[in-house]
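Below is one structure, written out as structure tokens, with a few remarks after it.
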Amino acid sequence: MLLIEPTLIQQRIDDLQDQDLYIHLEMTTGAYAAHLDSTKHPAATFISNATLRYIHGSISGEGPYRVGLKTEKGWVYSEGLTHYEETEQERLILAGHDTQGKLVVALQLSKEPF
Amino acid sequence: MDNNKKTTFSLIPADSRILVVLPHPDDEAFSLSGTLAKHIAQGGQVTYACLTLGEMGRNMGIPPFTNRIGLPTIRKGELEKSAEAIGIQDLRMLGFHDKTIEFEVKEVLDGTIYDLIVELKPSLIVTFSPGYSVHPDHDATGAAVVRAVERLPQSERPLLHTMAFSKNCYAELGQPDIENDVSDFLENKMKSIQAHRSQFQAVEMLGQNKLKDKEIKERFGKERFWTHSV
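Which chain is which? The protein sequence lines are A and B, in order.
When you number the first sequence by the working numbering, it's gap-free, plus one each residue, and the end is 116.
When you number the second sequence by the working numbering, it's gap-free, plus one each residue, and the end is 220.
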């Protein structure tokens, strides 16, 4: 994974626009969040291999970054993204890692199921 | 009052129209409602274009009295109640989705605001200062308003006042050059704030009987803006 380069990611978002895709979208505060700090509210959610087609998308912010994908009937939104997978040519793999390196958020798009 | 500061009311005709463009119900309450109430009391017109219904808000009462499904309807009602408390004659809900303003197709967003300006011919537009307003929706709204105004020929552009509250806003923008005394309109202002019941639980403690309190007057009696050159 490399630190997000917004111009490059915008190009990848544009390339995947108006196509039938699979999305993996995830956010977690970690399974041990409340165990380590009782004031923390543990929360996690993911949706994997849902189908998605977006008509417009963009990345914004100064880092960590935000991505918004506009669909025919709604939106996909993800905030806190820091890294992308540079070895992936077809798929867009974005993630947000905290200062300890732990994954907090993930946004992945692919033409094939994950 | 600082003699170097101007007031909104010295800059526009009393019977002219102010167009307010903000992304969320409640964005008007703390920083702007007194100014609007005063302009209206002096015979002015106000259109408030609120871009979203704040449907992604996290406050839903303690304990929660609504949910993701119900929140937009609740906040729409709160917005209408706030507008009524201020006396706003024309409230427009533009139907954009909360948290998405920065991602909207620019032609759609800018065009919607531009069409409003052409229709209403306001003397003044009030919005957030792009880059100094913390929430991405605030910054994106301000930026869209600036782009829309700049589409007009220079001679037809209304005045633009902005609100800002980022940590660096004073260092970067200097002190606000507009300061309005709204201490005679605190009843409208408190009712506007209290209308947003789902968002501001604490303000319910500020009862009407406390309106004359010196502390409240000092905290809420002045509203400040930056002139944004366009």
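C-beta: ideal position from N, C-alpha, C; glycine also.
Asked, Found
"Within chain A, partners of GLU45 (chain B) - CB distance below 8 Å", "Those within 8 Å of GLU45 (chain B) in chain A number zero; the least Cβ separation is about 11 Å."
"Option nearest SER156 (chain B) by Cα separation, candidates B:ASP171, B:VAL124, B:LEU114", "B:VAL124"
"Positions along the region 83 to 95 of chain B whose CB lies within less than 8 Å of some CB in chain A", "HIS87, LYS89, THR90, GLU92, PHE93, GLU94, VAL95"
"Test: LYS72 (chain A) CB closer than 8 Å to a CB of chain B", "yes"
"With 16 other Cβ atoms within 10 Å as the buried cut-off, status of LEU5 (chain A)", "exposed"
"Of the residues A:GLY70, A:THR31, A:HIS58, A:GLN12, the one placed nearest HIS43 (chain A), counting alpha carbons only", "A:THR31"
"Per-residue burial, GLN189 (chain B) [other beta carbons within 10 Å of its own, 16 or more giving buried]", "buried"
"Cβ-based burial, ASP5 (chain B) [other Cβ within 10 Å; buried from 16]", "exposed"
"Residues, ordered as in the chain, of the region 40 to 71 of chain B that lie near chain A by beta-carbon distance below 7 Å", "none"
"In DSSP terms, what ASP171 (chain B) is bridged to", "B:LYS212"
"Contacting residues, own chain, Cβ-Cβ under 7 Å from LEU111 (chain A) (five flanking each side not counted)", "LEU18, LEU23, ILE25, ARG93, LEU94"
"Element boundaries [alpha helix (DSSP H), containing TYR104 (chain B)]", "96 to 110"
"Minimum Cβ-Cβ distance from PRO148 (chain B) to chain A less than 8 Å", "no"
"Rounded distance between the beta-carbons of GLY33 (chain B) and ILE8 (chain B), thought under 8 Å", "Actually they are not in contact, since the Cβ atoms of ILE8 (chain B) and GLY33 (chain B) sit about 12 Å apart, beyond 8 Å."
"Buried/exposed call for THR224 (chain B), threshold 16 Cβ in 10 Å", "Summary: the structure shown does not reach residue 224 (chain B), with chain B confined to residues -9 through 220, and so no result is reported for it."
"Test item: CB-CB of SER113 (chain B) and ILE2 (chain B) under 8 Å", "yes"
"Where LYS104 (chain A) falls, given that 16 or more other Cβ within 10 Å makes a residue buried", "exposed"
"C-beta atoms of GLY65 (chain A) and THR41 (chain A) nearer than 8 Å", "no"
"Three-state secondary structure assigned by DSSP to ASP80 (chain B)", "strand"
"Cutoff 8 Å: PRO126 (chain B) Cβ touching any chain A Cβ", "yes"
"Bridge-paired residues (DSSP) for VAL78 (chain A)", "A:LEU71"
"Segment contact flag, the region 52 to 61 of chain B with the region 101 to 113 of chain B, C-beta cutoff 8 Å, min 3 pairs", "no"
"Whole-number beta carbon distance between LYS72 (chain A) and PHE93 (chain B), since they are thought to touch under 8 Å", "7 Å"
"DSSP beta-bridge partners of VAL124 (chain B)", "DSSP lists no partner for VAL124 (chain B)."
"Proximity test, ILE49 (chain A) beta-carbon vs the ligand ZN heavy atom, cut-off 7 Å", "This structure lacks the ligand ZN, and indeed carries no ligand of any kind."
"Cβ of SER118 (chain A) within 8 Å of any chain B Cβ", "For residue 118 (chain A) there is no data in the structure shown, the boundaries of chain A being 3 and 116."
"Host alpha helix (DSSP H) of ILE15 (chain A) (start-end)", "8 to 17"
"CA-to-CA distance, VAL98 (chain B) to LYS71 (chain B), given in whole angstroms", "28 Å"
"Alpha carbon of MET(-9) (chain B) to alpha carbon of VAL36 (chain B), nearest angstrom", "Confidence at MET(-9) (chain B) is low in this model, with a pLDDT of 47, below 50, so its placement is unreliable and the value that follows should be read with caution. Using only the alpha carbons, I get a separation of about 26 Å."
"Rounded Cβ spacing between ILE115 (chain B) and LEU150 (chain B) (contact assumed at less than 8 Å)", "5 Å"
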